[in-house]
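Chemist:
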Amino acid sequence: MPGPELTSLRSPRVVAARRLAKRSFRGKERRFLAEGPQAVREAMAHLVEVYVTPEAAARHDGIVAAARAAGVPVLTATDEVVAEMSDTVTPQGIIGLCRFLDTPFEEVLRARPKLVAVLAHVRDPGNAGTVLRCADAAGAEAVVLTDASVDLYNPKAVRASVGSLFHLPVAVGVPMETVVDGLRGAGVRLLAADGAGERDLDAELDEGTMGGPTAWIFGNEAWGLPEETRALADEVVRVPIHGRAESLNLATAAAVCLYASARAQRAPGGCRSVTMS
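Add 23 to a position in the sequence shown, counting from 1, and you land on the number used in the working numbering.
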């Protein structure tokens, strides 16, 4: 096997990749890094280049072959070079350079989504990526990040999404008022998830009010949703705590809410239980 093509930490490719750790450079270049075999496999349609150690190339030969078949350049690199590019303590030996893939909010609306996760004031990239993963698993058609939320392409957010970033439309940087007006105009009911909500999720389910198109608004990890955002929603809903736990973290609450809507929408009479003409 020939030696690695990228051996110097000062290589222009390595320097450029490392700069993508900063949000300003990601925005300028409209590029980001996806680390690990799962992320690179899922990112295939959005790859610009792949960097891989010889050992990882042998271990993940299917991914390497698929990238090359798609016309994506695959460059072998030393362990040190891949570690320099990586944001993790223990790199997995393969990194994909990807194009931005966010979807214009107007395009999200044109698709007439039935289930949407809205991240308003979410600042932790790990939480943002995990909520995106939950939305994907629950069958949501879109995720929207407001202009007050974390960068979608933060390495921790990309990693926490475990590939779901590449599965569904994601709109970014949308003002909250625009989100509310657009979704409501598309016939989507807006539910704000908040531990101090007036409505109980169990009551919503029991009363059969959750079968229609729904957007869940999730707030900041520490202080929840500001009053002005709560006021924009049709209802403010709390997840009931039946045991002695003080509260649920953001990602757990998001999973509960999204799956509750997914089940209600698939029940008889729900918006996914009828054949659309």
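Where is the CB? At the ideal position from N, CA and C, for every residue including glycine.
Going by the beta-carbon positions, is the gap between alanine 216 and cysteine 280 smaller than 8 Å?
Modeler: On the sequence shown, residue 216 is found 193 positions in, with the first residue counted as 1. On the sequence shown, residue 280 is found 257 positions in, with the first residue counted as 1. Their beta carbons are under 8 Å apart, which means alanine 216 touches cysteine 280 by this criterion.
Chemist: Please return the same chain residues whose Cβ sits closer than 7 Å to the Cβ of methionine 299, not counting the five positions on each side in sequence.
Modeler: Residue numbering aside, residue 299 sits at position 276 when the sequence shown is read from its first letter. Note on methionine 299: pLDDT 47, under 50, position unreliable in the model; the coordinate value appears next. Shown here for methionine 299: not one same chain residue has a beta carbon closer than 7 Å to its own, the five before and five after excluded.
Chemist: Using 8 Å for Cβ pairs, my map puts glycine 234 next to glycine 293. What's the rounded Cβ distance?
Modeler: Residue mapping note: residue 234 aligns to position 211 of the sequence shown, counting from 1. Residue mapping note: residue 293 aligns to position 270 of the sequence shown, counting from 1. With a Cβ gap of about 4 Å, glycine 234 and glycine 293 count as contacting.
Chemist: Quick check on cysteine 294: does DSSP put it in helix, strand or coil?
Modeler: The residue you call residue 294 lines up with position 271 of the sequence shown. In the structure shown, cysteine 294 sits in coil (DSSP, three-state: anything other than H, G, I, E or B).
Chemist: For threonine 275, report the span of its alpha helix (DSSP H) as first-last.
Modeler: Start at 1 with the first residue of the sequence shown, and residue 275 comes out as number 252. Threonine 275 -> alpha helix (DSSP H) spans 273 to 289.
Chemist: Quick one: what's got a C-beta closer than 7 Å to arginine 295's C-beta in the same chain, skipping five residues either side?
Modeler: Position 272 of the sequence shown holds residue 295. Cβ within range, chain order: Lys137, Gln288 and Arg289.
Chemist: Contact between the stretch 84 to 93 and the stretch 26 to 36 is defined here as three or more beta-carbon pairs at a separation below 8 Å; is this criterion met?
Modeler: no
Chemist: If you draw a straight line from the C-alpha of alanine 81 to the C-alpha of alanine 57, how long is it?
Modeler: On the sequence shown, residue 81 is found 58 positions in, with the first residue counted as 1. On the sequence shown, residue 57 is found 34 positions in, with the first residue counted as 1. Distance between the alpha carbons of alanine 81 and alanine 57: 19 Å.
Chemist: Taking Cβ positions, are valine 330 and leucine 132 nearer each other than 8 Å?
Modeler: Nothing can be reported for residue 330: it is not among the residues displayed for the chain, which extend from 24 to 300.
Chemist: Do you know offhand how far glycine 152's Cα is from alanine 106's?
Modeler: Taking the sequence shown and counting its residues from 1, the one referred to as residue 152 is at position 129. Taking the sequence shown and counting its residues from 1, the one referred to as residue 106 is at position 83. Rounded to whole angstroms, glycine 152 to alanine 106 spans 22 Å at the Cα level.
Chemist: Within 10 angstroms of the Cβ of threonine 113, are there 16 or more other Cβ atoms? Answer buried if so, exposed if not.
Modeler: Here the question's residue 113 lines up with position 90 in the sequence shown. Exposed, because fewer than 16 other Cβ atoms sit within 10 Å of the Cβ of threonine 113.
Chemist: Should the stretch 169 to 181 be regarded as contacting the stretch 92 to 107, the criterion being three or more beta carbon pairs within less than 8 Å?
Modeler: With a cut-off of 8 Å, the stretch 92 to 107 and the stretch 169 to 181 do not count as touching, because too few Cβ pairs lie within range.
Chemist: Take the Cβ of threonine 111 as the centre, count every other Cβ of all protein chains shown within 10 Å, and call the residue buried at 16 or more, exposed below.
Modeler: To locate residue 111, count along the sequence shown from 1; it is residue 88. The residue in question, threonine 111, is exposed, as its Cβ has fewer than 16 Cβ neighbours within 10 Å.
Chemist: Name the two residues that bound the continuous beta strand (DSSP E) containing arginine 54.
Modeler: Walking along the sequence shown from the start, residue 54 turns up at place 31. Start and end: 54 to 58.
Chemist: Grab me the residues of alanine 283's own chain with a C-beta within less than 7 Å of its C-beta, minus the 5 sequence neighbours each way, in chain order.
Modeler: Here residue 283 refers to the residue found at position 260 of the sequence shown. Answer for alanine 283: Leu224, Leu228 and Met233, listed in chain order.
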